[in-house]
Amino acid sequence: MTNQAKTEKKRYFEPAPQDIDVENFKKVLTSRRSVRKFTDKAIPADILDDCLDLALLAPNSSNLQPWTFYVVQSTDQKKQLVKACLGQLAAKTAAELIICVARTDRIDEMAKKNISDFPFPEAPKAVKQYYRFIPYNYKTGYFNAVGHFKKVAFKVARTLDKQLPVTAFNPADAKLWACKTTALACENLVLALRAYGFDSCMMEGFDEPMVREILKLNDEQYPVMVIGAGERAKDGVFFPQYRFERELFIQKV
Ligand SMILES: Cc1cc2nc3c(=O)[nH]c(=O)nc-3n(C[C@H](O)[C@H](O)[C@H](O)COP(=O)(O)O)c2cc1C
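Every position in the sequence shown, counted from 1, becomes a number in my numbering once 1406 is added.
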């Protein structure tokens, strides 16, 4: 077998489907609004589950999936959470309240799972090496020891004109890393809900210490947002959607 034949045999091919209805996709995107008032209609459990599964398909840094979505079940906890959400109507009337939490406390565990659960009979050597190294990129260690070490190492690398990827030098960087990725899953979730005819409101208007207390979160778990979800009430959207001139935001450089 030639070398070329060997490498071709090992390649994985996943064709890109072309039969996607762009108009329907746009309809999902453009009809998503922040809904502040919901009806009493429940979201069927299978639909909510599917939406949550679709949320988990969001792109995420190094496939480390640094998130947990808490679907609040108990009436008592819901009541407390509405209070934590400053009594917002979007929380009060929501059929479901989902607390989206970014986390930096499972980086090692998720790195190991990327090796053990790799979808080939065995993870390729390069994948194993990557996941042995990558946790250090996002971890900062006790008393930021790993973070400090990386700062020095990066300074040295820069003098050698070496390019280096995004790295957490301190817990704030690590939090940003996890929150960035978690927000993408949140967007998947609200779009999935919309595709099923339901609506949502992302909320960061909440008392963080109170949300932490409700879920008993540790210091490496960060509530990114609470998502209220349900069926849009007739008067659930308060005004038309508006954005500023695209020139303010899009530059061709
Ligand atoms: C991270 C985030 C936090 C938000 N927090 C709140 C909130 O606490 N309460 C609320 O009513 N809307 C909240 N919103 C909704 C925004 O106000 C809304 O997305 C924006 O005004 C644009 O309106 P649209 O979503 O209908 O396009 C939040 C949105 C995001 C992305």
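Glycine residues also receive a C-beta, built at the ideal position from the N, C-alpha and C atoms.
- Relative to residue 1546, the option among 1642, 1424, 1626 and 1533 whose CA is nearest is 1626.
- In this structure, residue 1496 has its CB closer than 7 Å to one or more heavy atoms of ligand 1.
- Nearest neighbour of residue 1506 by Cα position, chosen from 1489, 1588 and 1479, turns out to be 1588.
- With 16 or more neighbouring CB atoms inside 10 Å of its own CB, residue 1520 falls in the buried class.
- Annotation for residue 1628: the continuous beta strand (DSSP E) segment containing it runs 1627-1636.
- Sequence-distant Cβ neighbours of residue 1550 in its own chain, meaning closer than 6 Å and more than five residues away, are 1576.
- In the three-state reduction of the DSSP assignment, residue 1565 falls in the helix class, which pools H, G and I.
- Membership of residue 1453 in the alpha helix (DSSP H) is indicated by the continuous run 1451-1461.
- Contact annotation: residue 1593 and residue 1445 have beta-carbon atoms that are not nearer than 8 Å.
- Counting the other CB atoms within 10 Å of its CB gives residue 1487 a total of 16 or more, which places it among the buried residues.
- The residue among 1618, 1439, 1478 and 1438 with its C-alpha nearest the C-alpha of residue 1451 is 1478.
- Three or more Cβ pairs drawn from the stretch 1608-1618 and the stretch 1490-1501 lie within less than 8 Å of each other, which places the two stretches in contact.
- When DSSP states are grouped into helix, strand and coil, residue 1570 belongs to the coil group.
- Beta-bridge annotation (DSSP): residue 1474 is paired with 1507.
- Taken through DSSP and simplified to helix, strand or coil, residue 1480 comes out as coil.
- Residue 1441 is a Cβ neighbour of residue 1605, given a cutoff of 8 Å.
- Short note on residue 1600: C-beta not closer than 7 Å to any heavy atom of ligand 1.
- Taking 8 Å as the cut-off, the Cβ atoms of residue 1508 and residue 1643 do not count as close.
- Under the three-state reduction of DSSP output, residue 1605 falls in the strand class.
- Residue 1514: member of the alpha helix (DSSP H) spanning 1513-1522, first to last residue.
- Set against 7 Å, the gap from the CB of residue 1440 to the closest heavy atom of ligand 1 is smaller.
- With a cut-off of 7 Å, the C-beta of residue 1636 is classified as distant from ligand 1, since no heavy atom of the ligand falls inside that distance.
- Secondary structure note for residue 1540: its alpha helix (DSSP H) is the uninterrupted segment 1531-1544.
- Residue 1444 has 1638 as its beta-bridge partners, per DSSP.
- Within its own chain, the residues whose Cβ lies closer than 8 Å to the Cβ of residue 1581, once the five positions on either side in sequence are excluded, are 1508, 1510 and 1628, listed in chain order.
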